[in-house]
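Chemist: Okay, handing you the structure first.
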């Protein structure tokens, strides 16, 4: 089993380098492998997009893990 999956967390900052509480964190989960994986950083997340889903822009709520299909991308936000 290989894990070619990774996540990129984007946190908005103000001009002086502090977290901008007025905008949500964005999380991009990428799975380049041919096997699905499940993972998610701690916290409450709202899915924005799942490239593998029939309804790509459905918005399920995620808390413990999210199934990331093989060769797919998910984008989630956390206020």
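In my numbering, the protein residues as written are 39 to 117.
For each residue, glycine too, the CB sits at the ideal point set by N, CA and C.
For the segment 44–58 against the segment 68–82, are there 3 or more C-beta pairs whose distance is under 8 Å?
Modeler: These segments touch.
Chemist: Work out the CA separation of residue 65 and residue 114 for me, nearest whole Å.
Modeler: Taking the straight line joining both Cα atoms gives about 5 Å.
Chemist: What does the alpha-carbon distance come out to for the pair residue 52 and residue 106?
Modeler: Taking the straight line joining both Cα atoms gives about 31 Å.
Chemist: State buried or exposed for residue 85, treating a residue as buried only when at least 16 other CB atoms are found within 10 Å of its CB.
Modeler: Residue 85 comes out buried.
Chemist: Starting from the N-terminal side, write out each stretch of the alpha helix (DSSP H) that is 4 residues or longer and does not extend beyond the segment 47–76.
Modeler: With a minimum length of 4 residues, no continuous alpha helix (DSSP H) run stays inside the segment 47–76.
Chemist: Relative to the alpha-carbon of residue 108, which residue among 73, 62, 59, 63 has its alpha-carbon at the smallest distance?
Modeler: That would be 73, whose Cα lies nearest to the Cα of residue 108.
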